[in-house]
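Trainee:
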Amino acid sequence: MRLFDDFSMASLMAGFVAVLVGFTSSAVIVLQAARTLHATPAEIASWMGALGLGMGLTSITLSLRFRVPILTAWSTPGAAMLITSAAGVSMPEAIGAFLVSAMLITVSGFSGCFERMIGRLPISIASGMLAGVLLRFGLDAFVAMQQRFTLVFPMFCAYLLGRRLSPRYAIVVTLLLGVGIAATQGLLHVEGLQLELATPVFTAPELSWRALVGVALPLYVVTMASQNVPGVAVIRASGYQVPISPLIGWTGAANFLLAPFGGFALNLAAITAAICMSREAHQDPEKRYTAAIAAGFFYLLIGLFGATVGALFLAFPNELVVTIAGFALLGTIGSALATAVGQETAREPALLTFLVTASGIALAGIGSAFWGLLAGLAALLVLQARPASLRWAGNRRTAGAAGQAPAPNDQHGEPPSR
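Residue numbers for the sequence shown follow my numbering, so the first one is 743 and each next one is one higher.
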């Protein structure tokens, strides 16, 4: 079977690292969002179970269907938005808002309108946005070295030696060494772990205007702009060609089915997907889909065992997590930067996209990736547009000089330089 032939230990570890980074970096935000809605412990476990099952099933099925590393995730900006916007909203009203948002995402996907919009995105702009999104992970790896030198510096040395001796397993060796050092230093907090299956808790939805306006629409906009747009950019910047409409549509449909159990928003992953699309996942880009499948199985474990697996992931020290993420993304950051600035005519717009995205600016509850995209497209439009007056003047000179070839540098209707 092709899947087993394509699978490797590097793919398995890349999937594990992706889930480790995704879960530990944002699980607390999801838990806080659930608490804002006064969720009981059973409902919180149901939320984690629904999200884990949704991410696992969509990642596995979409990656198998298209043989491309497609990784999904919960909407971290959406969860952050819920912390502030869902105050005063009851749990049934919030569930109704989740259903409406999921329906809008499904329609945006299957109708093709989102793919038509994103299909016009230049690859240099997409790569600049990807590099900006991932930059802080590369920087955080070395910030962590200052905070916990005895843990991170040996990992750094192991990564360099691994890249020199066996690039395919560099991340695997680095992670295992980091876990071993963390264990000897007493940094792994695994005490009190108990194996316990998650139990789904169904909440009947209620529709209200305040929840639709204050929760459903903002959740839809934030998920599409701050999550799905960067997710598509990662796919495009990594060189994969896959129809976007079914990806968005099926994540929305899965979100709709799981919303009554706490699945507030599912979308295409960006940062964690980049880990599964990197060279560390597999030397052959056509076999990297197995890393996303591995990540999907780890997400399924989170869905089945809920709080138990969640506590296990949270047992890793933060410095280990950010370090392994930074090293796993180094190749992707470099490739994205090279693609972004490789085309001279679009270099400055791509650089603006990178800088705005890397700045971390957030306006109207929408993250910097969206604003970086807008800045780059605006710069591209302004710098490459031909003013009407110059086009008119150029046409007059062309008409007055019939039979003459234009000057080599008379490309914008301007007189040749002397």
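We put the beta carbon where it would ideally sit given N, CA and C, even for glycine.
(1) Are the stretch 823–841 and the stretch 1012–1025 in contact at 8 Å, needing three or more beta carbon pairs?
(2) Taking C-alpha atoms, which residue in ALA958, GLU948, GLY1076, LEU773 lies nearest to GLU835?
(3) What does ALA815 pair with, by DSSP beta-bridge criteria?
(4) With DSSP collapsed to three states, give me the class of LEU779.
(5) Please state whether the Cβ-Cβ distance between GLU1090 and LEU1125 is less than 8 Å.
(6) Grab me the residues of ALA995's own chain with a C-beta within less than 7 Å of its C-beta, minus the 5 sequence neighbours each way, in chain order.
(7) Could you give the uninterrupted runs of the beta strand (DSSP E) lying entirely in the stretch 950–1010, keeping only those of 3 residues or more?
(8) Does the Cβ-Cβ distance between LEU1010 and VAL974 come in under 8 Å?
(9) Assign GLY1068 to one of three DSSP states: helix, strand, or coil.
(10) Do ALA839 and LEU1000 count as a contact pair if the criterion is CB distance below 8 Å?
(11) Please work out which residues of its chain come closer than 6 Å, Cβ to Cβ, to GLU1156, disregarding the five sequence neighbours upstream and downstream, and give them in chain order.
(12) Rounded to the nearest angstrom, what separates MET790 and ALA900 at their Cα positions?
(13) Among the candidates SER1110, GLU938, THR926, whose CA atom is the shortest distance from the CA of PRO1059?
(14) Give the range of the alpha helix (DSSP H) segment to which GLU1022 is assigned.
(15) Secondary structure at GLN927, three-state DSSP: helix, strand or coil?
(16) Taking the alpha helix (DSSP H) that GLN889 falls in, what are its first and last residues?
(17) Would you identify the three-state DSSP class for ALA940, choosing helix, strand or coil?
(18) Assuming GLY1004 and GLU785 make a contact with CB atoms under 8 Å, what is their CB distance in whole Å?
(19) Quick one: is ILE1013 buried, meaning 16 or more other Cβ sit within 10 Å of its Cβ, or exposed?
(20) Can you tell which of ILE860, LEU939, GLY1038 has its C-alpha closest to the C-alpha of ASN970?
(21) In this structure, does DSSP put SER750 in helix, strand or coil?
(22) For TYR1031 versus PRO811, is the C-beta distance shorter than 8 Å?
(23) PRO947 by DSSP, collapsed to three states: which one?
(24) Taking C-beta to C-beta, are PHE1069 and ILE913 nearer than 8 Å?
(25) Taking the alpha-carbon of LEU989 as reference, which of TRP951, ILE1103, LEU754, LEU804 has the nearest alpha-carbon?
(26) Helix or strand or just coil, what does DSSP make of ALA828?
(27) List the endpoints of the continuous alpha helix (DSSP H) containing PRO909.
(28) Which whole-angstrom value describes the C-beta separation of MET871 and LEU1115, a residue pair presumed to lie in contact below a C-beta threshold of 8 Å?
(29) Between SER750 and GLY1038, what straight-line distance do the alpha-carbon atoms span, to the nearest angstrom?
Mentor: Checking against the coordinates, here is how it stands:
(1) With the cut-off at 8 Å, the stretch 823–841 and the stretch 1012–1025 do not touch.
(2) Restricting attention to ALA958, GLU948, GLY1076, LEU773, the CA atom closest to the CA of GLU835 is found in GLU948.
(3) ASN1009, per the DSSP bridge assignment.
(4) It is coil, neither helix nor strand.
(5) In contact: GLU1090 and LEU1125 (Cβ atoms closer than 8 Å).
(6) The residues THR848, in chain order, have a CB closer than 7 Å to that of ALA995 in the same chain once the five nearest residues on each side in sequence are set aside.
(7) Runs of the beta strand (DSSP E) inside the stretch 950–1010: 1008–1010.
(8) Against a cut-off of 8 Å, the Cβ pair of VAL974 and LEU1010 comes out as a contact.
(9) The answer is helix: DSSP assigns GLY1068 an H, G or I state.
(10) No.
(11) Unreliable positioning characterises GLU1156 in this predicted model, as indicated by a pLDDT of 39, which lies under 50. The coordinate reading is nonetheless provided below. Hits under 6 Å: none found.
(12) Rounded to the nearest angstrom, the two C-alpha atoms are 34 Å apart.
(13) Checked all of SER1110, GLU938, THR926; the closest Cα to PRO1059 is THR926.
(14) First-last for GLU1022: undefined, no H or E at that position.
(15) Coil, per DSSP.
(16) Its alpha helix (DSSP H) spans residues 865–889.
(17) Here ALA940 sits in coil by DSSP.
(18) Indeed they touch by this definition, with Cβ atoms about 6 Å apart.
(19) So ILE1013 ends up on the buried side.
(20) Restricting attention to ILE860, LEU939, GLY1038, the CA atom closest to the CA of ASN970 is found in ILE860.
(21) DSSP, read as helix, strand or coil, puts SER750 in coil.
(22) The answer is yes: Cβ separation under 8 Å.
(23) DSSP, read as helix, strand or coil, puts PRO947 in coil.
(24) Going by C-beta atoms, PHE1069 is nearer than 8 Å to ILE913.
(25) Proximity to LEU989 across TRP951, ILE1103, LEU754, LEU804 peaks at LEU804, based on C-alpha coordinates.
(26) Coil at ALA828, not helix or strand.
(27) Annotation: PRO909 is outside any alpha helix (DSSP H) and is labelled neither H nor E by DSSP.
(28) The Cβ separation is near 5 Å, so the contact holds.
(29) In a straight line, the C-alpha of SER750 is about 15 Å away from that of GLY1038.
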